[in-house]
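Quick note, our numbering runs 111 ahead of the 1-based positions in the sequence shown.
Each residue gets a CB set at the ideal place from its N, CA and C atoms; glycine is no exception.
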Amino acid sequence: MKKAADAVVELDGMGLSLIEISHRSKEFVSIMETARSLTLDLLGLEDKGYQVLFLQGGASLQFLMVAYNLLENKGGYLNTGTWSSKAIKEANLLGQTEVIASSEDKGFNYIPKGYDIPKDLDYFHITSNNTIFGTQLWEFPETSVPLVCDMSSDIFSRQLDFSKFDLIYAGAQKNMGPAGATLVVIKESILGKVSRKIPSMLDYSVHLGKGSMFNTPPVFAVYTSMLTLQWLVNQGGIPSIEEINERKAKLLYSEIDLNPLFKGYAAKEDRSFMNATFTLTDDKLKDTFDAMWKDAGINGLNGHRSVGGYRASMYNALTLDSVGVLVDVMSDLERKA
Ligand SMILES: Cc1ncc(COP(=O)(O)O)c(C=O)c1O
C-alpha cells in the first residue's frame with residue numbers, strides 16, 4: 112500500500128507520477144512485463160504455451176469475452192452460484208449453452224459432483240470459488256474440452272496444477288490489487304476457432320498481439336498487482352500463502368463447528384478457504400454479536416444479501432491474527448449467552 116501510494120506521488124525517483132507517465136514509456140512497459148512474467152512464474156506456467164493479459168471490464172466482461180472467443184456450437188457450464196449464472200447469461204447472448212450440473216436446488220451451498228462432460232462442447236466453464244455462497248472446488252473435472260475457470264476470488268491462494276486450465280480469469284480486486292485490472296491467463300492454442308467477427312476490444316488475439324497494450328492499460332491497478340505478486344514471491348510463493356490460508360480457514364471453521372451459536376452455510380466438504388459463510392443459530396443474538404464484532408474493529412462481516420448471515424472473507428492479505436480476533440469474539444459470545 113505504501114509503495115503504491117508513493118508511486119502515485121513519484122515513481123522510482125523519476126520526478127513523475129506513475130499515473131502521469133506514458134504507458135508506452137520504458138518504465139511502464141517494464142512494469143507490465145514484470146507483472147505478466149511473475150504471473151506465469153507463480154502459476155508454474157512458463158514455457159507451456161500460456162500468455163498473460165491485464166484487461167479492463169472486470170471478471171464480468173470475461174463472462175462475455177470467453178463466449179465471444181470460444182463459443183462456436185455449445186459452451187458447457189457448471190452452475191455453482193451467482194457468478195456462474197451471470198457467465199451463462201452472457202454466453203446465451205451469443206450461442207448455445209448447456210448447464211452440465213448445478214447446485215441451485217440447495218441454494219448453491221454445495222459443489223455438484225459425478226457429472227459427465229460431453230465431448231462436443233467448445234469449452235467447459237467453472238468457478239473455482241463461489242465468493243457469495245462460500246463454496247470452493249477441491250477437485251477439478253478431467254475433461255478433453257478446453258477448461259475455462261473464473262478464479263476471481265481464489266487465484267494465487269492455493270497450489271493447483273494450473274496447466275489443467277486453458278483459460279483462467281480473475282478480477283484483480285481480491286488477491287492482487289485494486290479493481291480496474293482483470294487478469295487473463297490463456298493457452299494460445301485454444302484461440303482462432305470461432306467463425307464470428309470479434310470486436311477488437313473483445314478479441315484476446317488482438318490484446319495478445321499487442322503485449323496487453325492494445326489500448327491504455329489500467330496502469331495503477333497493474334502496478335499494484337505487480338507489487339502484490341512480488342510480495343507473494345517474497346513470502347515463498349503460493350505454497351507459503353496456501354499454508355497460511357489453510358490455518359486461517361481451519362481456525363474459523365473449527366469455531367463455527369464447535370460453537371453451538373453458529374452454523375456453517377456451505378456443505379463441509381465444499382467449504383471455501385477464502386469466504387466462510389455462517390449464520391447464528393439464534394437470531395435474537397444478532398444485535399449483540401453485531402455490536403461485539405464491530406467493537407473489535409472487524410469490518411464487512413455481513414453476508415451477501417442473497418444469503419444473509421455472515422461472511423468472513425479471508426483473502427491472501429488477511430492475517431491469521433485477524434481471523435483470531437473474530438474467533439475470540441465468537442467464543443466471547445458463547446460465554447456471554
Ligand atoms: C467469482 C467471481 N466472479 C466474478 C466476479 C465479478 O467481478 P467484477 O466485479 O470484477 O466484474 C466476482 C466479484 O466478486 C467474483 O467473486
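Between the CA atoms of A290 and I355 - distance to the nearest angstrom: 24 Å
Cβ separation of I367 and Y179, assumed to be a contact under 8 Å, to the nearest whole Å: The pair is not a contact, with the Cβ atoms about 41 Å apart (cut-off 8 Å).
Cα-Cα separation, S239 to L369: 27 Å
Under 5 Å, CB to nearest heavy atom of ligand 1: contacting residues: G169, A170, S171, W194, T242, D261, S263, S264, G282
L258 beta carbon less than 8 Å from that of D277: yes
As assigned by DSSP and simplified to three states, the class of P198: It should be noted that the sequence gives Ala, not Pro, for residue 198. The answer is helix: DSSP assigns A198 an H, G or I state.
With 16 other Cβ atoms within 10 Å as the buried cut-off, status of M176: buried
Identified DSSP bridge partners for F389: G375, Y421
Top-ranked residue by Cα proximity to T208, from D216, Y226, I199, S214: I199
S263 in three-state terms, based on DSSP: coil
Cβ neighbour criterion (16 or more within 10 Å) applied to I130: exposed
Beta-bridge pairing of Q207 - partner residues as DSSP gives them: K185
Residue range of the unbroken beta strand (DSSP E) whose run includes H236: 234 to 238
Which of helix, strand or coil DSSP assigns to I279: strand
Rounded distance between the beta-carbons of T293 and Y169, thought under 8 Å: In the sequence as presented, Tyr is not what sits at residue 169; that position holds Gly. Right, the Cβ-Cβ distance comes to about 6 Å (below 8 Å), so this counts as a contact.
Three-way DSSP call (helix, strand, coil) for R147 in this model: helix
Per-residue burial, Q270 [other beta carbons within 10 Å of its own, 16 or more giving buried]: exposed
Classification of F413 by the beta-carbon crowding that lies within 10 angstroms, buried from 16 upward: Checking the displayed sequence, the identity of residue 413 turns out to be Asn instead of Phe. By the 10 Å Cβ count, N413 comes out exposed.
Inter-residue CB distance, V296 and L154 (contact presumed, cutoff 8 Å): 7 Å
Short Cβ contact (8 Å threshold) for L151 with Y161: yes
Closest by C-alpha distance to G214, when choosing among A202, Q247, N184, L204: First, the residue type needs correcting, since residue 214 is Ser and not Gly in the sequence shown. Among A202, Q247, N184, L204, the Cα nearest to that of S214 belongs to Q247.
Supposed contact pair R358 and L431 - C-beta distance, whole angstroms, cut 8 Å: 6 Å
Reference W249; option with closest CA among I243, T392, D265, R307: D265
S213 - partner residues in DSSP beta bridges: N190
For V256, three-class secondary structure by DSSP: coil
Neighbourhood of K197 by C-beta distance below 6 Å, restricted to the same chain and skipping five residues each side: F174
Own chain partners of N386 with C-beta closer than 6 Å, once the 5 adjacent residues on each side are dropped: T242, G245, R422, S424
DSSP three-state assignment for R382, whether helix, strand or coil: strand
Buried versus exposed, by CB contacts within 10 Å (16 or more), M337: buried
V344 vs M143 beta-carbon contact at 8 Å: no
7 Å CB neighbourhood of V120 in its chain, flanking five on each side removed: S128
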